[in-house]
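In the working numbering, the protein residues as written are 448 to 614. Below: the structure, in structure tokens.
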């Protein structure tokens, strides 16, 4: 398989407004902040960031370069909710797509496995489907033990990432 690792300079040279970028790390830990600063300097806008969110979501919200955040949470650890993100979300200047952490993981997993979705029970009986009307349910093609129709599951779509940055 071809090496897909590129330098920060190469990444920025290929970056365009409107792209979807996956940012690694967890909350405020292990974030590629040098890359985030380079994104800010590039001047691109209308970005979608897919992340277990931390300072990158807040900073890109504050610089008005973030159009949409797809996340399991956005936190600075000791500060429960990243303040710039909170303001952007409450004022409606960004689109927020919130999954629980397990469902978010399945969206990343589906993307990495190159399948269109992953089925899960996560979200059934919660507000996740109401908060994310684009999510669909499916009926398992395998019958329940003892016969009958297969169970209803949530189909978590693969995240369509143009670039991914993991530290």
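Here a beta-carbon is modelled for each residue, glycine too, at the ideal position from N, C-alpha and C. On a predicted model such as this, the values are computed, not experimentally measured, just so you know.
Asked: In terms of residue numbering, what span does the beta strand (DSSP E) encompassing residue 500 cover?; Found: 494-500
Asked: Please classify residue 503: is it buried, with 16 or more other beta-carbons within 10 angstroms of its beta-carbon, or exposed?; Found: buried
Asked: Secondary structure at residue 519, three-state DSSP: helix, strand or coil?; Found: strand
Asked: Report, in whole angstroms, the separation of the C-beta atoms of residue 606 and residue 558, which I expect to be a contact under 8 angstroms.; Found: 5 angstroms
Asked: So, do the stretch 530-537 and the stretch 551-566 have three or more beta carbon pairs nearer to each other than 8 angstroms?; Found: no
Asked: Considering just the uninterrupted stretch of the beta strand (DSSP E) at residue 545, what are its terminal residues?; Found: 542-545
Asked: Run through the DSSP bridge pairs and tell me what residue 468 is partnered with.; Found: 496, 610
Asked: With a cut-off of 8 angstroms on the beta carbons, I'd call residue 463 and residue 491 a contact; round off their distance for me.; Found: 6 angstroms
Asked: Suppose contacts are defined by Cβ-Cβ distances below 8 angstroms. Is residue 455 in contact with residue 482 by that definition?; Found: yes
Asked: Can you find the residues in the same chain that come closer than 7 angstroms, C-beta to C-beta, to residue 615, ignoring five residues on each side of it along the sequence?; Found: The question about residue 615 has no answer, for the chain in this structure spans 448 to 614.
Asked: Can you tell me which of 527, 477, 470, 474 puts its alpha carbon nearest to the alpha carbon of residue 513?; Found: 470
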